[in-house]
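What follows is the structure, encoded as structure tokens:
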């Protein structure tokens with residue numbers, strides 16, 4: 031018996047190696063997606079629990095909700111996408127964040 035581990039991936043065919051790589055990447059993506067969903071849930075709970083104490087905080091909450099809404103729109107729904115973009119531009123302009 032040897033002290034060095036045998037890398038089994040080298041003994042597989044190219045198709046099997048690619049399939050293994052794809053499974054590993056998918057597992058990483060799924061783990062990262064779950065982590066992101068968990069963190070998003072925590073942020074949303076905090077947004078619900080803590081009322082805004084200033085206009086900038088209210089604007090930040092509104093931006094978050096509008097971005098969530100916009101992400102769910104169909105790519106062909108240009109009317110509502112334009113409306114969201116206009117409201118976000120208004121929030122930026124009125125909050126004095128224009129560059």
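Residue numbers (our numbering): 31 to 129.
Even glycine gets a Cβ: it sits at the ideal position worked out from N, Cα and C.
Predicted model, so just to flag it, every value in this text is computed and none were measured.
Counting along the chain, no alpha helix (DSSP H) covers residue 82, and no H or E run does either. DSSP places residue 36 outside both helix and strand once states are collapsed to three, so it counts as coil.
As the crow flies, the alpha-carbon of residue 69 is around 18 angstroms from that of residue 93. The C-beta distance from residue 79 to residue 88 rounds to 15 angstroms, too long to meet the 8 angstroms contact threshold.
DSSP places residue 115 in the uninterrupted alpha helix (DSSP H) bounded by 108–124.
Between the alpha carbons of residue 67 and residue 58 lies a distance of about 14 angstroms. For residue 73, the closest of 95, 102 and 62 by C-alpha to C-alpha distance is 95. Scanning its chain for C-beta atoms nearer than 6 angstroms, with the 5 sequence neighbours on each side dropped, one finds no residue around residue 42.
Residue 102 and residue 111 have their C-alpha atoms roughly 10 angstroms apart.
At the C-beta level, residue 77 and residue 91 come within 8 angstroms of one another.
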